[in-house]
Structure formats: structure tokens, C-alpha cells
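Enquirer: One structure is given below, represented as C-alpha cells, and several questions about it will come after.
Numbering (our numbering), first residue to last: 66 to 322.
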């Protein structure tokens, strides 16, 4: 029976991954800030009595470590740990009011990814079988987007961090998987006021992500069409990229009046 620990599980990609893994017979540890939503989610999954919910903020590293310890004690370890919790807001460096937003995005998207994985590594090293640490990045981390400096920087950091961790754990039998979603139809993306090519339902994303995780794929962009777009964008000379994207629509600022 697969044991899966997921942060950011109360909605969007996290809830879809929870439903996908529960349908595959997994036992789940579900983490998010909103207890009521977590409990509703768990109650609607197959075998609801097997799943544990942890209502906490992932920036509270002590609470996150305590939840991980409880899950390991209850189930003897974890096979898949998915650091999915993330936030996104528009930011502009010129405004001092956006500095706390930068800090919040980096704390949630980057530092909490490290804090999610850290409590599981020792027990995973002593386990056999499938062992996966999964970081949820984004195509937005491939190149910087105007008005999204904090979010793009955070997701670029996740991509590089997971690559470093993959090398560190290669000889311990623990596979580090990076999933970079394109546009997925979630509450986070529904606030975007610009076209979102290849928009994918979260349920379809979750199926493809779970398959990539099971295969131990080191890096996967979902949907694949956005992977092609990301490679093309990465290959563009800066002058061409700057000309094409300098006037792209901006995500709304959280700190804006």
C-alpha cells in the first residue's frame, strides 16, 4: 500500500493529487491551512479512515516536522512526499509594499519545500521499495515573467533545488522528481486575466503527474505542449525574448490598493 504525504492538499492540484492517489489505493497524509476543507476532502476519498489531515501553515517548519513525524509513526514511513503548497501574486520591485509579498512567496514556495522533504529523508534511506520526493515547480520558473518576479524566482529555485537534491540522494535509492505544471485550471489560475494556452483540468494533470512520479521521471512538464513552449522560450536570445514579453500582461499585485 503506497503511503503519500501531500502539502497544499485542500484545493487545486493538491486536492486532485489526493483524489488520484486515493483512487489508486494509497494512504494519505494531507496538509493545508484550512482544516474544514481538508476534512471534507478526506471524507470524500476512498477509505477515508486511512487518511490523516494536518491543518498547518507550511511556513511553520516545526509544525510541518511534527506532522511528518506523526505520519511516519502511524504508517512506518512514506513512499511519496509531494511538496505542492504554493502561492502566486503579482509583484513589482519598485514598490516597498511588495517586499513582504516577495518574502511570503519565497517562504511558501521554496523554504517550505525544503522543510517538507527534510523530516522524511532519514526514514526513506532505511526503507526499501519506491521512494519519491516530488517538487512542484512551474513553467514560470523557466524564464522570468514581467510582474511575477517573486513567483518566477521561487519556481526557478524549486527547479534548481530539486536538481541538487536529486544528485545528493542518487546513491540512496531515493528519486527526486520535479513536476513543472503549465496552466492548470485551479483557483490560483482563475484569477489570471490573460490567455492561458493548453489549459488542463486538474484531474487530468494529477493522473499524468502520478504516472511520472511512479516512473521516477526526473523532470516532467505537464501538459507536454507547455514543455515544448518552455524549451523554445529558453532557447530564445535575450533580445528576442525581451522584445516579445516586455509588454506581456501582469498578474495582479496583492499589495496594490
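Using N, Cα and C, we set each Cβ at its ideal position, and we do this for glycine too.
My assumption, with CB atoms under 8 angstroms, is that residue 246 sits in contact with residue 278. Please give the rounded CB distance.
Expert: Position 181 of the chain shown, counted from the first residue, corresponds to residue 246. Position 213 of the chain shown, counted from the first residue, corresponds to residue 278. With a Cβ gap of about 13 angstroms, residue 246 and residue 278 do not count as contacting.
Enquirer: Determine, using beta carbons only, whether residue 234 and residue 242 come nearer to each other than 9 angstroms.
Expert: As a working mapping, residue 234 is identified with position 169 in the chain shown. As a working mapping, residue 242 is identified with position 177 in the chain shown. Result no, Cβ atoms of residue 234 and residue 242 do not sit closer than 9 angstroms.
Enquirer: Between residue 148 and residue 200, how many whole angstroms is the CB-CB distance? I'm expecting something under 8 angstroms.
Expert: Here residue 148 corresponds to residue number 83 of the chain shown, with the count starting at 1. Here residue 200 corresponds to residue number 135 of the chain shown, with the count starting at 1. Sure, about 5 angstroms apart at Cβ, within 8 angstroms.
Enquirer: Just to confirm the assignment: which complete alpha helix (DSSP H) runs, minimum length 4, are found wholly within the stretch 89 to 117?
Expert: List check, alpha helix (DSSP H) in window: 100 to 108.
Enquirer: Using the Cβ count rule (16 or more neighbours within 10 Å means buried), how would you classify residue 164?
Expert: Here the question's residue 164 lines up with position 99 in the chain shown. Burial call: exposed.
Enquirer: Pick helix, strand or coil for residue 157, following the three-state DSSP scheme.
Expert: Stepping through the chain shown from its first residue, residue 157 is reached at position 92. If DSSP states are grouped into helix, strand and coil, residue 157 belongs with coil.
Enquirer: Taking all protein chains shown into account, do 16 or more other C-beta atoms lie within 10 angstroms of the C-beta of residue 311, making it buried, or fewer, making it exposed?
Expert: Stepping through the chain shown from its first residue, residue 311 is reached at position 246. It is exposed - the Cβ of residue 311 has fewer than 16 other Cβ atoms within 10 Å.
Enquirer: What is the DSSP secondary structure of residue 207, counted as helix, strand or coil?
Expert: Within the chain shown, residue 207 is the residue found at index 142, counting from 1. The answer is coil: DSSP assigns residue 207 none of H, G, I, E or B.
Enquirer: From what residue to what residue does the beta strand (DSSP E) around residue 243 run?
Expert: Working through the chain shown from its first residue, we reach residue 243 at position 178. Taken as a continuous stretch (DSSP letters only), the beta strand (DSSP E) holding residue 243 covers 240 to 246.
Enquirer: So, helix, strand or coil for residue 146, using DSSP?
Expert: Here residue 146 corresponds to residue number 81 of the chain shown, with the count starting at 1. In the structure shown, residue 146 sits in a strand (DSSP, three-state: E or B).
Enquirer: Quick check on residue 293: does DSSP put it in helix, strand or coil?
Expert: Start at 1 with the first residue of the chain shown, and residue 293 comes out as number 228. Helix, per DSSP.
Enquirer: Report the rounded CA-to-CA distance for residue 304 versus residue 298, giving the unit in angstroms.
Expert: For the purposes of this step, residue 304 is taken as residue 239 along the chain shown, with counting starting at 1. For the purposes of this step, residue 298 is taken as residue 233 along the chain shown, with counting starting at 1. Whole-angstrom Cα-Cα distance: 12 angstroms.
Enquirer: With DSSP as the reference, label residue 305 as helix, strand or coil.
Expert: Along the chain shown, one-based indexing puts residue 305 at 240. Of the three classes helix, strand and coil, the one that applies to residue 305 here is helix, per DSSP.
Enquirer: Could you give the residue range of the alpha helix (DSSP H) that holds residue 196?
Expert: The count along the chain shown starts at 1 and reaches residue 196 at position 131. Per DSSP, residue 196 belongs to no alpha helix (DSSP H) and is neither H nor E.
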